[in-house]
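Some notes on the structure that comes next.
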Amino acid sequence: MEALTNVLFGTLRVSTPLLLAGMAVLLSQQINMLNIAIEGLMLAGAFSAVVVGAFLGNVWLGLLASMLFAMLFTLIFALFVIDLKANLIVAGLALNILAGGLLAYLLVVWFNTRGVYSPGTLDKLPLITIPIIDQIPFLGAVFSGHGVLTYVSWLSVIFTSLLLYRTPLGTHMRAVGEHKEAAETAGIPVRRVQYTALLIGGAMAGLAGAQLAIGDLTLFSENMTNGRGFIAMAAVFFGAARPGLTALGCLLFGLFDALQIRLQIGTGIPPQLPQMLPYLIVVGTLTMIAVRRKLKGTSI
Amino acid sequence: MRGISKMFPGVIANDRIDFSVERGTIHALVGENGAGKSTLMRILYGLYRPDEGEIFIEGKKAAIRNPQDAIRLGIGMVHQEFQLVPSLTVAENIVLGNEPLKSIWVDRKAEKESIIKLSKRFGLHVEQDLPIREVPVGVQQRVEILKLLYRKAQLLILDEPTAVLTPQEVDGLFDVLKRLVTEGHTIIFITHKLGEVMDICDKATVLRHGKLIGTVNVADSSSTELARMMVGEEVLRPSEERHPASKEAKLILDDISARGDRGLFALKHISFKVNAGEVVGIAGVEGNGQSELVEVLSGLREYEGMITLASVDLKTESIRFRRENGMAIIPESRKTQGLNLLGKVSENLIVNKYYQKPYSAKTGVLSWKRITEFAKELIVKYDIRADGPDAVAGTLSGGNAQKIILARELSSKPVALIAAHPTRGLDIAATQFVHHEILHMRAENVAVLIISADLDELITLSDRILVLFEGRIVGEVDARTVTHAQLGLLMAGLTDAVS
Amino acid sequence: MGAIMMTLSGKNAMEAYRVLFGSALGSKTAIANTLLASTPLIFAGLGAAIAFRAGVFNVGVEGSIYIGAFTSAWVGFTFVNLPGYFLVPLALLAAAITGGLWCYFPGVLKARLDVDEIVSTIMLNYVAVLFTSYLVNYPFRLPGLANAMSAEVAPQARLARLSPPSQMNISFLIAVAAAIILAFVVKHMRLGFELRTVGDNPLFARWSGMPVPKVIESVMFISGLFGGLAGAGQALGVNYRFIAGFSPGYAFTGIAIALLARNSPIGTLIAALLFGILRSGSSTMEIFTDVPRDLITVLEATVIFFAALEFSFGWLKRRRRGSAH
């Protein structure tokens, strides 16, 4: 029982950045501008959370900075892909490389350190105990006592869902993503909608990075995202860019991650095998969709 | 609309056209492909700016710079390609861009009510909560009309609205249109189907080659008169005597059906033969299955039924096999299907032979020397005006680009030649060259199938003409005796009119 | 861009660049080290270039690098009794084939089922990194070592050095040869003509009867093959073993190089040498001028951004139109 609660608690913890990043990618996918730059944006968020948080001595300001800094990076990406019509994938890769290089550069120039920056003076984001649930035996141990961003990540799913399906802006995003011409003829300001979707996603990506840097730990390391952005992207493909299913994908992939740690200790199952699953599941899902499309299709 | 002109590079799409519509009428705008109907309406809807001319609405001069202006003035247009978002629901599509709000949320209740009100008033019933991709085309069209009505459009432009509908859906649409008119709306109905004009329109304006031919009261006119206005006067018959075609069928289509991109059948049970040394023309307004027919023949589209080329069943054979066994194809799109505009002239000329000896060794190494020699030969033989075989194909004029295709296809000693719109966009000299080459193929005992929207071309070249309408062959006529009017009626789907 | 950044952070840009080029090209050993640094970039660039030329956006060369590196190392430490003249070609061949297959599979999915190759290859990159990491952590774990790496390859499996003490080895020559061969294939071979045509206008290629799916599959195989060789070059020529996570993203730099060279094989060779200079010079630059070597990464990113612009006006638009069919 304790093992189970531990795994589930761990799942929610490691799913936090996945959910936030997943919603960011989801929004970009909804406007048909898949944000490959997600890794770089998360890294930017992690970096600024630690640096600004430590500099100002306030972890909340660090949190705010993570959003703003990631949005700034997003703005570069958006400028290139929306206004300059740069290729989406190449620009995304470029932003990832830019973020990696720039942040490493700044670490050396500002802090004279390579790879890792750990200010030591910074507190983690606080953990939150949920009053009533806390008292319920099993539920309390699983759902209560997480970092604040874990709860924010759940809210981000609800937020994304409401945004997309309940507000005009969300409808416009879906319309722009699926049939830009139709959106234009209906008088929707396509460019503004695209910028908005990417920037909201950017803020969430920043938070995802902040969770890694000041939620789980209080340090920044060069490769701290470690492919999580792409796992989140995998979840988006798994969930066909729908908030609920994508969140489910994030939790599932989070579960794999939490399990692999336990499995490794308990049963000796190599951690890499469950870690590979999200990526394989996505390739499998895409193939299945394609096979179905082919069976339905008419032209050769 | 008064004195409207619009030029595109090389074409006058609208030449000083006057066009007026009375409130509360259904006004047909009739003409063949390329007559300038769509251009005129796109100007009215603000998608194009006219080079000359003015637009008046209820006596007042109107400046329409973009569709938003048009919408504000109460003008709405349903395009042939629907502008709907497949995964959004019917309701979401109708209100898209003008959603009713309740604080920051979309007010679904108000949305629903206003749509119900509109659909009751005009008899346009729709299931509001289904995503567009799950509703039939006829309903999608209703959604488009509701979209306009929701935006308070008074003047509705419908571009070939019946092209995608089943007969039952057409009846439904006509009921709706009548209802709209009795409610005080005005409708401009772009079409080439004269039967429909006679059925529901009050007036009809005919355009031909960008010029206004005339406006008639439908009640005082006849479909024969309209057909004549639409297709124009007779051309001179070719005087030269042709040797008769042989009786040997080279290309046989037996009960061919095929689905179009939308998943509906675009070709329905088509059967015909083309004999050696015979030219068979396919007439018809575009979009009635011509593209699909060419794709089926060339092997790019799946089909039911049997196609035989010189007694070989092609069903399971690849595109390359078909070409190797004597199928030559001039595709309808020179730039995307017929040529690689970024490639050299020589590469474009060799693309159906490069892998054969002597152009390619067993090792897979190409002999550019041989290829260049071959290309030079063809350049001379077909009089292709290019800076040699290494010139980039995209730099050539339309006529010379088409000559590359002709040279490539005709030099491979075909058994059958499929030519889709072979002279589209070409000047007179190039057109004559293409015609001469096609007749030369006929003399060489090739079975020739020509698909064209140009009736003069079909009459000049063909022995027989088949008319394709909504995926079926609705008539076969002798090219030596047929008149434009007869063809026009068949193309408009009026099979009874021709006996 | 680089100069602006250095000036902004109070460094002497001219001095830094002088040191950078000086240390990359200043001596025989420096030049050899530059060529060494260029080698994986040449391979990776060629892998990207050939795929792009055919209109296939293969991001999966990184995966092939890992697969190829492991395979070559495995051959190298398993068949220790084979003589070098046999073992080295065998190891390289094995790397080329497994690397090629790694990209061939998403190629098949693309060609036959129209599965987006960008997504599938990104995903498979991670699979390759994790799978090879698993291999050296478990079945091929070397006891007593903290780092995840395989056993050392047999001495005769090491690629011969061309200019000791630099590690620069024959894989550089293979890379140069590969660029020349590829240039020949693209220009003078049947496959080259086919892949150029498919890249220029896939619809036209289909209409003219070219075996488009086969061409895409072959191209993906060749693209991965170069990745495999890049990996083998590092495993047999530099590390002498497989090390988990050894690639700093060679394939992504390779994409930048291919874009910069507009997918020309010889251009790719030249651009890769340029990037090699930056890479090998940047470490020395850091020591002597305390301008961090990461500046070079920022420079690379800038180049890619502008390549992304160039790119969007070129063949990718046509490719979209073609595959939208």
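From first to last, the protein sequence lines are chains A, B and C. Residue numbers for the first sequence follow our numbering, so the first one is 2 and each next one is one higher. Residue numbers for the second sequence follow our numbering, so the first one is 395 and each next one is one higher. Residue numbers for the third sequence follow our numbering, so the first one is 353 and each next one is one higher. Note that beta-carbon positions come from the ideal geometry of N, C-alpha and C, so glycine has one too. None of these values were measured; they are calculated from a predicted model.
Contact between the region 822-832 of chain B and the region 794-802 of chain B is present: 3 or more CB-CB pairs across the two stretches fall below 8 Å. The beta carbon of A:G46 does not come within 9 Å of any beta carbon belonging to chain C, so the residue lies off that interface. The Cβ-Cβ distance between B:L855 and B:V840 does not fall below 9 Å. Comparing alpha carbon positions, the residue from B:A755, B:I509 and B:S685 closest to C:M541 is B:A755.
By the C-beta criterion, the region 635-643 of chain B is judged not to be in contact with the region 799-807 of chain B, since fewer than 3 inter-stretch pairs fall below 8 Å. Residue environment for B:H579: buried (at least 16 other C-beta atoms within 10 angstroms of its C-beta). DSSP places B:I701 in the uninterrupted beta strand (DSSP E) bounded by E698 to L703. Sorting A:E185, A:T197, A:G269 and A:R243 by C-alpha distance to the C-alpha of B:Q462 places A:E185 at the top. Inclusion of A:R229 and A:A209 in the CB contact set at 9 Å is warranted, their separation being smaller than that value. If you ignore the 5 residues before and after C:I648, its C-beta comes within less than 7 Å of the C-beta of L630, R631 and S634, all in its own chain and listed in chain order. For B:T580, there is no enclosing alpha helix (DSSP H); the residue is found in the beta strand (DSSP E) stretching over T580 to T585. Annotated as proximal: C:G451 and C:I417, with beta-carbon spacing under 9 Å. By the rule that beta-carbons nearer than 9 Å mark a contact, B:T730 touches chain C. Assigned with DSSP and collapsed to three states, C:V413 falls in helix. In this structure, C:V505 sits away from C:A447, with a CB-CB distance that is not shorter than 9 Å. Beta bridge pairing from DSSP links B:S399 with B:E446. Legend: CB atoms of the region 466-486 of chain B lying less than 7 Å from CB atoms of chain A belong to residues Q477, L478, V479, P480, S481, L482 and E486. For B:A485, there is no enclosing beta strand (DSSP E); the residue is part of the alpha helix (DSSP H) that begins and ends at V484 to V489. Boundaries for B:I822: no beta strand (DSSP E) harbours it, while the alpha helix (DSSP H) harbouring it runs I822 to A837, taken from the DSSP string. The beta carbon of B:E741 falls within 9 Å of a beta carbon belonging to chain C, placing the residue at that interface. If you ignore the 5 residues before and after A:A259, its C-beta comes within less than 6 Å of the C-beta of V8, G11, T12 and V15, all in its own chain and listed in chain order. For B:Y749, the chain C residues whose Cβ falls inside 8 Å of its Cβ are R542, in order along the chain. Annotation note: the region 410-476 of chain C contains the following uninterrupted alpha helix (DSSP H) runs of length 4 or greater, listed N- to C-terminal: 413-430 and 436-465. At a cut-off of 9 Å between beta-carbon atoms, B:N719 makes no contact with chain A. Each of C:A512, C:L514, C:L511 and C:L487 was checked against the Cα of C:S502, and the nearest Cα belongs to C:L487. Per DSSP, B:N794 is one residue of the alpha helix (DSSP H) stretching across G792 to L804. Secondary structure within the region 551-581 of chain C: the alpha helix (DSSP H) runs of 4 or more consecutive residues, fully enclosed, are 554-559 (chain order). The residue among A:V149, A:L218 and A:M277 with its C-alpha nearest the C-alpha of A:L21 is A:V149.
When the five nearest sequence neighbours on each side are left out, the beta carbons in the same chain lying within less than 6 Å of the beta carbon of C:I656 are those of A608, in order along the chain.
Counting along the chain, B:S651 sits inside no alpha helix (DSSP H); it lies in the beta strand (DSSP E) bounded by residues A643 to R653. Contact annotation: in the region 534-562 of chain C, residues whose CB is within less than 7 Å of a CB in chain B are H540, M541, R542, L543, F545, T549, D552, N553, L555, F556, R558, W559, S560 and G561. A Cβ-Cβ distance of about 7 Å is found for the pair B:E711 and B:G693, placing them in contact under the 8 Å criterion. Below 8 Å, enough C-beta pairs join the region 855-871 of chain B and the region 673-687 of chain B to call them touching: three or more.
Excluding sequence positions up to five before and after C:V564, its CB lies within less than 7 Å of the CB of V550, P554, A557 and R558, all in the same chain and listed in chain order. With respect to chain C, the C-beta atom of A:F81 has a partner C-beta closer than 9 Å. Its Cα nearest to that of C:F395, the residue C:A603 stands out among C:A603, C:T641, C:R645 and C:E652.
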